[in-house]
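Q: Going letter by letter, the sequence shown gives residues 3 to 485 in our numbering.
C-beta: ideal position from N, C-alpha, C; glycine also.
None of the values given here were measured: they were computed from a predicted structure.
One structure is given below, represented as structure tokens, and several questions about it will come after.
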Amino acid sequence: MPAPVLLWFRRDLRLSDHPALSAAVATGRPVVPVYILDGEAPDARPLGGAARWWLHGSLGALARDLEALGSRLVLRRGPVTAVLADVARETGADTVLWTRMAGTDETALADALKAQGLTPRRFGGALLYEPETVVNRQGQPFRVFTPFWKHLQTLDPPPRPQPAPDHLPAHDAWPESDALGDWGLLPTRPDWAGGLRATWVPGEEAGRAVLEGFLDGPASGYAEGRNALGRDATSGLSPYLRFGEVGPRTIWHAVRDRPHDPGAESFLREVGWREFCHHLLHQHPAMHEVPLQGAFAQFPWRDDPEGLRAWEQGRTGYPVVDAALRQLWHTGWMHNRARMIVGSFLVKDLLVDWRAGERWFWDTLVDACPANNPCSWQWVAGCGADAAPYFRVFNPVLQGEKFDADGRYVRRWVPELAGLPDRVLHKPWEASGAVLRAAGVRLGETYPAPIVDHKAARTRALAALETIKGQGGSARNDDGGRA
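What follows is the structure in structure tokens.
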């Protein structure tokens, strides 16, 4: 039997639209699929709790899909170079194939594998276009999204996705594999994942079903409905994209193969935002720690552990903020408009460092992406490459009244306020005593009073901006922004 090849799975846990897998099959040699926990690269960031829950389900689904092709998934943990070298030694493999991922030092990784006597082969597929191929007229990476997106649309379409193979040539002697259950990816003491289980089904098959359901339904109204907090108008694809169970090229062509639909085209722009974030990560691997605008390294953030804790728990006294953070804790996901609202509240109303919010999202989001998460937080904080200006301060009351006008979102996630009429639902502190009593609301007891006065907090935030900018610009409560 010829020497096998190792197929290293990373954030590409699917069998279709997988160039590295297709290339492995094309060798005609046995293929040994491998997944390495906590060893994506020497500088990999450990997964948060919600993402680890998703990973367990995704790896289980991938293993079943591989078994249906006559193969299996080898699970190992440890430093990636050492693990791949061990598996190669055990199987006689001399080649490793994998999908490129932004934010990791691919060259150093390839050199380390060469030093172990292995031939590395890297492939695209995680993005629509590889970062080196998308540059401006000066040959430099784009730093603003709109021209980036316009440029993307002038390029040839990304390659069409390749179907999953019908069979995967198996090795005659499989190396030992860890048991998925022994990795401890699922929470147990306590088991806080009940809401995640009720909301999500990880895996490629489930992801494809979500994509088809979105395109057959909410996609046509996406342009208008994507900001409505109480409506099921978004795609639900973000965790499937994050773990590579559905690839961006699959989404791109699934949209473009249908009759032109402005709503679906608006959704593709969000796929473009994901692309932009990953291209930025390629240039700035430490984006989750280092502000892309250097002046913000000196920003006078406040140390406010009590405020941060109230924000994390959804106990700020601002209903739309609290609803969003409770949705996050229960489902491992948050509506994108809500992400902007709670992000603005943390970094501007509370003046807490955006990195604290990024870390909380990293731990609690099932779609916690190493590119989208820090890039979007930097956007909200005003310190990113393509950022909302810091002086744009979202008013949480106005945001709630505009994007949850009927109160459906707040009433679902903050049920203690469900009895309040719409006119005061987003500002219960303005309700009369009689209205509060009729709704069973006791501010400061059944629901917290606001932990900060928004008007005063806005003034404080703009004063803080003056210390690094010299001028704060014309402040406004702005409902704009990327959604």
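1) In its own chain, which residues sit with a C-beta less than 6 Å from the C-beta of residue 216, not counting the 5 before and 5 after it?
2) Residue 138: buried (16+ other C-beta within 10 angstroms of its C-beta) or exposed?
3) Buried or exposed, going by whether 16 or more other CB atoms sit within 10 Å of the CB of residue 141?
4) Please specify which runs of the alpha helix (DSSP H), each continuous and at least 4 residues long, are wholly inside the region 204 to 278, giving them in chain order.
5) With a floor of 4 residues, list each alpha helix (DSSP H) that falls wholly inside the region 164 to 196, ordered by position along the chain.
6) Flag this pair as yes or no: are the beta carbons of residue 255 and residue 162 separated by less than 9 Å?
7) When you compare each of 328, 386, 342, 464 to residue 418 by their alpha carbons, which one comes out closest?
8) Grouping DSSP H, G and I as helix and E and B as strand, with all else coil, what is residue 470?
9) Using the DSSP secondary-structure output, state which residues sit across from residue 411 in a beta bridge.
10) Buried or exposed: residue 214, going by 16 or more other Cβ atoms within 10 Å of its Cβ?
11) For residue 301, which residues of its own chain have a beta-carbon under 6 Å away from its beta-carbon, when the five flanking residues on both sides are left out?
12) For the beta strand (DSSP E) containing residue 6, list its first residue and its last residue.
13) State the CB to CB distance for the pair residue 15 and residue 269, rounded to an integer number of angstroms; the pair is presumed to be in contact (CB under 8 Å).
14) Compare the beta carbon distance of residue 57 and residue 167 with 9 Å and say whether it is the shorter of the two.
15) Mapping DSSP to helix, strand and coil, what is residue 133?
16) Fully enclosed by the region 26 to 71, which beta strand (DSSP E) runs are 3 residues long or longer?
17) Could you check how far apart the C-beta atoms of residue 350 and residue 463 are, in whole angstroms? I think they sit under 8 Å.
18) If you count every other CB in all the chains shown that lies within 10 Å of the CB of residue 434, and 16 or more means buried, which is it?
19) Could you tell me the boundaries of the beta strand (DSSP E) in which residue 448 lies?
20) Residue 321 to residue 61, Cα distance in whole Å?
21) How do the region 310 to 325 and the region 375 to 391 stand: do at least 3 beta-carbon pairs fall below 8 Å, yes or no?
22) Using the beta-carbon count (16 or more within 10 Å), is residue 382 buried or exposed?
23) Nearest-angstrom Cα distance between residue 88 and residue 132?
24) Indicate the three-state DSSP secondary structure (helix, strand or coil) for residue 311 in the structure shown.
25) So what's residue 478 in DSSP terms, helix, strand or just coil?
26) Could I get the ranges of all uninterrupted alpha helix (DSSP H) runs contained in the region 322 to 379, with 4 residues as the minimum, in chain order?
27) Using only the alpha-carbon positions, how far apart do residue 200 and residue 309 sit?
28) From the DSSP output, in three-state form, read off residue 484 for me.
29) Within this structure, are the beta carbons of residue 422 and residue 326 separated by less than 9 Å?
30) Beta-carbon within less than 7 Å of residue 431's beta-carbon, same chain only, minus the 5 sequence neighbours each way: which residues are those?
31) Beta-carbon within less than 8 Å of residue 239's beta-carbon, same chain only, minus the 5 sequence neighbours each way: which residues are those?
32) Leaving aside the five residues before and after residue 189 along the sequence, list all residues of the same chain whose C-beta is less than 6 Å from its C-beta, in chain order.
33) In terms of alpha-carbon separation, which member of 392, 186, 371, 396 lies closest to residue 105?
34) Can you pull the DSSP bridge partners for residue 100?
35) Nearest to residue 206 by CA position, among 77, 271, 17, 117, is which residue?
36) Please name the residue, chosen from 394, 427, 395, 396, that lies closest to residue 410 on a Cα-to-Cα basis.
A: Short version:
1) 237
2) exposed
3) exposed
4) 206 to 218, 224 to 227, 240 to 244, 250 to 258
5) none
6) yes
7) 328
8) helix
9) For residue 411, which the question treats as bridged, DSSP gives no partner whatsoever.
10) exposed
11) 470
12) From DSSP, residue 6 is part of no beta strand (DSSP E); its letter is neither H nor E.
13) Actually they are not in contact, since the Cβ atoms of residue 15 and residue 269 sit about 22 Å apart, beyond 8 Å.
14) no
15) helix
16) 33 to 39
17) 4 Å
18) exposed
19) Residue 448 -> no beta strand (DSSP E), and no H or E assigned at all.
20) 37 Å
21) no
22) buried
23) 30 Å
24) helix
25) Below a pLDDT of 50, predicted positions are generally treated as unreliable, and residue 478, at 36, falls in that range; the measurement from the model is reported next regardless. Three-state result, residue 478: strand.
26) 338 to 346, 356 to 366
27) 30 Å
28) With a pLDDT of 31 at residue 484, under the threshold of 50, the modelled position of that residue is not reliable, and the figure given next carries that caveat. Note: residue 484 maps to coil in three-state DSSP.
29) no
30) 445, 451, 452
31) 209, 212, 213, 216, 248, 253
32) 195
33) 371
34) 10, 124
35) 17
36) 427
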